[in-house]
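Under full-length UniProt numbering, think of the first position of the sequence shown as 1, with each following residue one higher.
Every residue gets a Cβ at the ideal spot worked out from N, C-alpha and C, and that includes glycine.
Bear in mind that the values here come from a model prediction, so they are computed numbers and not experimental data.
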Amino acid sequence: MATVDKMPMLKEGYEKLTAELKRLKTERPLIVDAIEEARAHGDLSENAEYHAAKEQQGQNEATIADIEGKLSRAQIIDPKDLSGDKIVFGATVTLLDEDDKPIRYQIVSETEADASIGRISYNSPIGRALIGRKIDEEVEVSVPAGDRYYLVSKIEFI
1 MATVDKMPML KEGYEKLTAE LKRLKTERPL IVDAIEEARA HGDLSENAEY
51 HAAKEQQGQN EATIADIEGK LSRAQIIDPK DLSGDKIVFG ATVTLLDEDD
101 KPIRYQIVSE TEADASIGRI SYNSPIGRAL IGRKIDEEVE VSVPAGDRYY
151 LVSKIEFI
């Protein structure tokens, strides 16, 4: 029997997924209406609108199922409730690169990750390399552009 793993998530990410689920569920009747309207046009074998609406319905339902699965496994973590000297999910980490340039990341879930605003997934190469590290530890990360080296300079739970 397969076990269901909990999915760590920030409250903000949980709320964003909940809002997306609500939006997708409100689209259901609109898609059904589009299917009914296309069906009224006659021959379904050559009816592009019908096939497009059915495909949209399938994608919508698959996305709903995916989000419901994530929400049912969600384990909401508030970084402010965390402490310690190791990097864990939710921690905000300041690293120094090889040129001593500071880089700041927050370790989040895959659904919340957005590198452009400094949020990286705990499953990303750098996220996996950082988990469990302490201040003043050197971290080596293999990325497509080659190996990168960082020094952990600060760990915050904000």
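Between the region 77–87 and the region 36–48, can you find at least three pairs of beta-carbon atoms closer than 8 Å? Taking a contact to require three or more Cβ pairs closer than 8 Å, the region 36–48 and the region 77–87 do not qualify as touching.
Is DSSP giving Gly-146 helix, strand or coil here? If you number the sequence shown from 1, residue 146 lands on position 146. Three-state result, Gly-146: strand.
Range of the contiguous beta strand (DSSP E) that encloses residue 159: No answer is possible for residue 159: the residues shown for the chain start at 1 and end at 158.
Hey, could you find the ends of the beta strand (DSSP E) Ile-76 is sitting in? Working through the sequence shown from its first residue, we reach residue 76 at position 76. Taken as a continuous stretch (DSSP letters only), the beta strand (DSSP E) holding Ile-76 covers 74–76.
Pair within 8 Å by beta-carbon distance, Thr-18 and Leu-71: The count along the sequence shown starts at 1 and reaches residue 18 at position 18. The count along the sequence shown starts at 1 and reaches residue 71 at position 71. Yes; because the gap between Cβ atoms is below 8 Å, this pair is in contact.
Secondary structure of Thr-94, DSSP reduced to three states: Here residue 94 refers to the residue found at position 94 of the sequence shown. Strand, per DSSP.
Using 10 angstroms around the beta-carbon of Val-143, count the other beta-carbons present and answer buried if the total reaches 16, otherwise exposed. Taking the sequence shown and counting its residues from 1, one reaches residue 143 at position 143. In summary, Val-143 is exposed, with fewer than 16 beta-carbon neighbours lying within 10 Å of its beta-carbon over all protein chains present.
Any idea if Leu-130 is buried or exposed, counting beta-carbon neighbours within 10 angstroms, 16 or more meaning buried? The residue labelled residue 130 in the question sits at position 130 within the sequence shown. Per the 10 Å Cβ criterion, buried.
Is Ala-14 near Ala-74, with beta carbons less than 8 Å apart? On the sequence shown, residue 14 is found 14 positions in, with the first residue counted as 1. On the sequence shown, residue 74 is found 74 positions in, with the first residue counted as 1. A quick correction: the sequence has Tyr, not Ala, at residue 14. Cβ atoms of Tyr-14 and Ala-74: closer than 8 Å.
Helix, strand or coil at Asp-43 according to DSSP, with G and I counted as helix: For the purposes of this step, residue 43 is identified with residue 43 of the sequence shown, where counting begins at 1. Coil.
Residues of its chain near Ile-107, where Cβ-Cβ distance is below 6 Å and the 5 sequence neighbours each way are ignored: Here residue 107 corresponds to residue number 107 of the sequence shown, with the count starting at 1. Correct list, in chain order: Phe-89, Ala-91, Tyr-122 and Gly-127.
Would a C-beta distance cut-off of 8 Å place Glu-68 and Leu-21 closer than the cut-off? On the sequence shown, position 68 is the one that residue 68 refers to. On the sequence shown, position 21 is the one that residue 21 refers to. Their beta carbons are under 8 Å apart, which means Glu-68 touches Leu-21 by this criterion.
Quick check on DSSP: helix, strand or coil for Lys-101? In the sequence shown, residue 101 corresponds to position 101, counting from 1. Residue state, collapsed to three classes: coil.
State the Cα-Cα distance for the pair Ile-117 and Thr-111, rounded to the nearest angstrom. Here residue 117 refers to the residue found at position 117 of the sequence shown. Here residue 111 refers to the residue found at position 111 of the sequence shown. Taking the straight line from one Cα to the other gives about 14 Å.
May I ask you to report which of helix, strand or coil DSSP gives Met-1? Here residue 1 is taken as the residue at index 1 of the sequence shown, counted from 1. Reliability fails at Met-1, whose pLDDT of 45 lies under 50, so the model's placement of it is uncertain and the value that follows must be treated cautiously. The DSSP-derived three-state label of Met-1 is coil.
Going by DSSP, what residue range makes up the beta strand (DSSP E) through Pro-8? Taking the first residue of the sequence shown as 1, we reach residue 8 at position 8. The continuous beta strand (DSSP E) containing Pro-8 extends over residues 7–9.
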